[in-house]
Amino acid sequence: MSEPRKQRQIRATRHDTVLDACRDTALVIIDAQFIEMFDHCDAVLLDFAERAENNALQGRFFEAMNLLQRRRADIEHTFRVEINRGFERFARYGRLTDEDGGFSADGIELALIEPEDMEESVACENLTMRANASFFPDLYALAQRLAVVNGGLKLKDSEIPAGPHHLVRSFRRSLESLDVEVKIKVILYALFDRFVIRQLTKVYDELNRHLKEAGILPNLKPVPLRTDGGSAQRPRPTAAGDDKPTPKDASGAKAKTATAAHRTASPDGGHDDQPSLANELFGSILDLMAKRRPDGEARAAPDLDAPSNPQLLSAISRIQSLSRADLGSAAGGTEAFAPDVEVDAAFLDRVKVTLADERRQIREQVDETDLSAVDSDLIDLIGMLFEYMLNDPILPNSAKALLSHLHTPYLKVALIDRRMLVDNRHPARHLLDQMIEAGSLWVEEGNPNRGIFPAMRRTVDRVLMEFDDDIALFDELLADFEAAVQEQRRRIETMEQRSQDTLRGRERLQVARQKTMRTVQELIGRRPLPDAVLAFLSGAWTDHLVFTSLREPEQGEGWQRAIAMAEKLVDLFDPRREAASAEAIGAVRDAIRAQTQTMDDVHRDTIEGLLALLDQPPAQWPRPTPGTPPTPDEAASPEAAHDAGLPPSEALAMDDEDENDDVSDEEKALLEELRQLRFGTWLELTPSDGGRRRHIKLSWMSPLTSTCMFVDRSGMQAEVKGLRELAQEILAGRARIVPPPKHPFIDRALMSIRKVLGGGDKGDAALPQTDRAP
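Position 47 (the sequence shown) corresponds to 49 in our numbering; numbering is contiguous.
Right under this line is the structure:
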């Protein structure tokens with residue numbers, strides 16, 4: 003670590019208290035406004051839905067409303083986590099990014115910005131710039147004071163914790179898991195502006211007050227905000243409830259994004275004056291492919307409306323007819339995608355050879371003079387696209403086997419309508435993106451006929467059987483497949499919710515058992531007790547207390563009554579007191595009999611043994627023996643968990659993590675990162691014996707014990723792990739977090755293809771494997 007960094011951390015440590023106060027204050031105020039924003043979302047989206055121009059658009063607004071309701075808790079959690087993380091990073095590094103400079107991206111990622119991403123980015127930038135201007139005096143004072151905390155280093159606007167840049171970026175990250183179109187997100191940004199950003203005056207007043215009271219530049223002279231007329235005034239934010247975004251407001255919020263967002267090819271086939279970014283990517287790929295040929299000459303931009311070659315299309319149709327027969331026989335039966343496909347190490351190589359052979363046959367059936375350079379490159383490009391799909395480490399092999407049959411039809415689509423490789427709204431392109439994403443999520447390798455696989459199979463069947471030259475077929479196929487995806491998602495979410503509810507119940511039982519064990523241990527440890535009393539308290543009465551605790555988590559009247567009875571029972575055997583009276587013994591006996599009526603069948607022998615003991619005169623009671631109850635740690639053991647109906651793995655996952663004496667600094671840092679994991683994060687597990695890798699998704703994390711529940715592709719519980727166990731597996735290389743994809747499949751493939759071609763490889767492009775979440 004550099005000396006300036008050390009000095010900055012030393013100074014920041016001295017100001018930990020005031021920074022914590024600033025963070026807590028910001029979270030309280032902003033969180034209240036954030037909740038109010040969500041409370042208005044339904045009304046605003048409903049207003050947009052009522053003004054929608056058609057039923058399809060109206061349906062998308064209703065879908066967004068339902069999705070927001072389901073994802074609200076996750077969005078709010080992520081937003082709070084990002085704000086808290088910003089303060090932590092400022093305290094540690096003096097900035098809001100990671101110590102190593104935050105995110106990293108290679109050149110190929112930065113070279114392409116999707117229109118939707120650009121529209122969202124510009125909307126965020128506009129919102130941030132307006133807020134920086136509106137709150138300039140407060141932000142200036144805040145930046146000056148935080149610079150003192152930061153060792154005198156001046157802060158940029160983007161480095162101010164709780165500043166507009168920090169908050170907008172946190173909100174954008176919280177929306178990353180929200181699968182809605184950019185128009186809906188623009189509306190949410192408008193709501194965020196009205197209910198959160200415009201209400202930041204109180205936040206910045208409080209933060210500056212905390213810093214001033216801590217003695218940090220208490221006499222700093224304020225900088226006035228001047229209007230065009232020259233008079234100084236303080237910004238007057240609009241009250242959060244005064245107005246709401248309307249369709250007209252949304253149009254205004256998007257006005258500055260129109261130029262960038264509409265640089266893509268329009269759906270009706272027209273073009274804007276400026277070339278689209280997707281066109282540039284497509285053109286650069288073809289240019290790089292041209293340079294790889296012997297002549298090595300670059301070409302002009304491809305004509306997207308050029309007529310297709312009839313001879314070439316006929317050759318593709320003949321190959322496609324063979325694929326139809328192949329799908330209906332050897333590759334068409336369910337056996338073709340059974341587990342033996344999964345374990346066939348040579349399977350992918352055989353498929354790649356088959357697809358290459360199809361392209362060779364197509365070329366052989368066309369006169370070389372009739373095959374244009376662009377068409378030849380398109381054939382190679384589609385081949386690279388499907389090879390990229392076959393190299394995907396997440397997509398199950400059964401899905402790869404099925405989707406590989408689309409290779410020849412998609413050759414024809416690309417030659418008939420080259421816009422498929424340019425316009426991400428093209429139905430054929432969107433359909434392939436959707437099927438690969440759905441296959442990664444919901445195809446089970448060992449049982450492909452479950453999940454989304456049957457819908458994928460029907461779609462591939464129809465493409466092979468019905469597609470000739472009518473691109474409109476893909477609109478129908480896309481609508482049908484999206485309906486199947488929505489139904490599959492609904493089933494998965496239902497199953498996942500049931501798994502979560504089951505584990506929550508099990509955890510409550512385990513926590514209640516541990517609490518009860520501690521209570522019983524304290525009671526038995528007071529004095530020696532007869533064996534019959536020990537057996538009763540450790541068995542029947544422990545179970546009674548557990549179920550009482552489940553009914554009354556806050557130790558209500560039933561719990562207190564049960565504890566009082568147990569204390570009276572133990573006091574009967576206090577050697578320091580005179581022998582208990584018959585009335586006292588009778589009262590305890592009657593209370594035990596009344597409170598154990600429902601347990602007679604389970605603990606009959608134990609209860610009858612205690613009652614028989616209490617029926618005897620105290621002088622005849624057996625000599626007490628010291629109590630040796632199970633400890634709370636033993637209550638969490640696999641054996642105790644088995645008695646409670648818990649699998650051993652879940653009991654181990656819920657052990658206390660207080661024994662951290664042997665935790666390394668690396669493991670502690672990883673544990674802190676894992677506590678911030680978002681629900682829906684996928685992990686890849688590699689068995690220690692070298693078996694098949696598994697992919698599981700984080701579905702739930704206990705706020706009490708940090709127990710993590712992971713589900714498989716069907717939404718069923720797959721693993722339950724404690725955070726420390728997960729951290730140790732990651733450090734040992736047996737588990738890794740799989741980052742989510744930033745772009746749809748074809749976009750990722752084209753960017754990787756261009757990267758490979760630009761590397762100067764003269765042979766067939768050895769496309770890199772993708773690295774993304776399923």
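Backbone N, C-alpha and C define an ideal beta-carbon position, used for all residues, glycine too.
No experiment lies behind these values; they were computed from the predicted model shown.
Best match in the options for proximity to residue i [C-alpha to C-alpha]
{"i": "I199", "options": "F40, K670, V225 and V170", "result": "V170"}
{"i": "H409", "options": "N399, M386 and L397", "result": "M386"}
{"i": "P624", "options": "F137, L536 and H168", "result": "L536"}
{"i": "M519", "options": "D195, L288, T544 and A358", "result": "T544"}
{"i": "T496", "options": "D573, M718 and Q367", "result": "M718"}
{"i": "A192", "options": "E727, Y390, E675 and H42", "result": "H42"}
{"i": "G217", "options": "L728, V151 and S160", "result": "V151"}
{"i": "V30", "options": "K187, C126 and Q201", "result": "Q201"}
{"i": "V548", "options": "F681, I32 and A514", "result": "A514"}
{"i": "L70", "options": "E183, I32 and N128", "result": "E183"}
{"i": "G153", "options": "G448, T19, R97 and T598", "result": "R97"}
{"i": "L405", "options": "Y390, E161, A485 and L59", "result": "Y390"}
{"i": "M703", "options": "R680, D691, G693 and L752", "result": "R680"}
{"i": "T608", "options": "E161, Q60 and P532", "result": "P532"}
{"i": "T203", "options": "P166, K214 and L180", "result": "P166"}
{"i": "R787", "options": "A51, A164 and L434", "result": "One cannot answer for residue 787 here, as it falls past the ends of the chain, which runs 3 to 776."}
{"i": "M467", "options": "I321, Q499, D33 and A348", "result": "I321"}
{"i": "P163", "options": "L141, D377 and Q730", "result": "L141"}
{"i": "Q367", "options": "N393, N311 and R595", "result": "N311"}
{"i": "R595", "options": "L616, P577, D664 and R578", "result": "L616"}
{"i": "D781", "options": "R361, R132 and E370", "result": "Residue 781 lies beyond the range of the chain shown here (3 to 776); nothing can be said about it."}
{"i": "Q599", "options": "E554, E127 and A542", "result": "A542"}
{"i": "A593", "options": "R510, E580 and G560", "result": "G560"}
Interface flag, residue i vs chain C, CB-CB below 8 Å
{"i": "D377", "result": "You won't find chain C in this structure, because it holds only one protein chain."}
Bridge-paired residues (DSSP) for residue i
{"i": "I698", "result": "L685"}
{"i": "F712", "result": "L700 and E721"}
{"i": "A737", "result": "L687"}
Cβ neighbour criterion (16 or more within 10 Å) applied to residue i
{"i": "R265", "result": "Residue confidence for R265 is low, a pLDDT of 33 falling below 50, so the modelled location carries little weight and cannot support an answer."}
{"i": "N451", "result": "exposed"}
{"i": "A403", "result": "buried"}
{"i": "T80", "result": "buried"}
{"i": "D195", "result": "buried"}
{"i": "V487", "result": "buried"}
{"i": "N68", "result": "exposed"}
{"i": "L706", "result": "exposed"}
{"i": "L388", "result": "One point to set straight first is that residue 388 is Phe, not Leu, in the sequence displayed. When all chains shown are included, F388 counts as buried."}
{"i": "L733", "result": "exposed"}
{"i": "I37", "result": "exposed"}
{"i": "K187", "result": "buried"}
{"i": "N399", "result": "buried"}
{"i": "L672", "result": "buried"}
{"i": "V2", "result": "This structure does not reach residue 2, given that the chain is present from 3 up to 776, and the question cannot be answered."}
{"i": "Q512", "result": "buried"}
{"i": "S551", "result": "buried"}
{"i": "T709", "result": "buried"}
{"i": "E668", "result": "exposed"}
Nearest-angstrom Cβ-Cβ length linking residue i and residue j, presumed shorter than 8 Å
{"i": "V465", "j": "P395", "result": "Incorrect: roughly 25 Å between the Cβ atoms, too far for contact."}
{"i": "S323", "j": "R756", "result": "With a Cβ gap of about 33 Å, S323 and R756 do not count as contacting."}
{"i": "F476", "j": "A430", "result": "4 Å"}
{"i": "E439", "j": "S716", "result": "The pair is not a contact, with the Cβ atoms about 16 Å apart (cut-off 8 Å)."}
{"i": "I318", "j": "L413", "result": "5 Å"}
{"i": "L209", "j": "T27", "result": "7 Å"}
{"i": "A564", "j": "H546", "result": "6 Å"}
{"i": "K699", "j": "W684", "result": "5 Å"}
{"i": "F777", "j": "R508", "result": "What is shown of the chain runs 3 to 776, which leaves residue 777 out entirely."}
{"i": "C24", "j": "H212", "result": "5 Å"}
{"i": "Q313", "j": "D372", "result": "6 Å"}
{"i": "L539", "j": "A584", "result": "The Cβ separation is near 22 Å, so there is no contact."}
Validate contact between the segment 715-735 and the segment 519-532 using beta carbons, cut 8 Å, 3 pairs: no
Stretch-stretch touch, CB-based, cutoff 8 Å, three pairs: the segment 69-87 with the segment 175-183: Yes, they touch.
If you pair each beta-carbon of the segment 671-691 with each one of the segment 733-753, do three or more pairs fall below 8 Å? Result yes; three or more Cβ-Cβ pairs closer than 8 Å.
Does the count of Cβ pairs from the segment 60-75 and the segment 131-146 closer than 8 Å reach three? Result no; under three Cβ-Cβ pairs closer than 8 Å.
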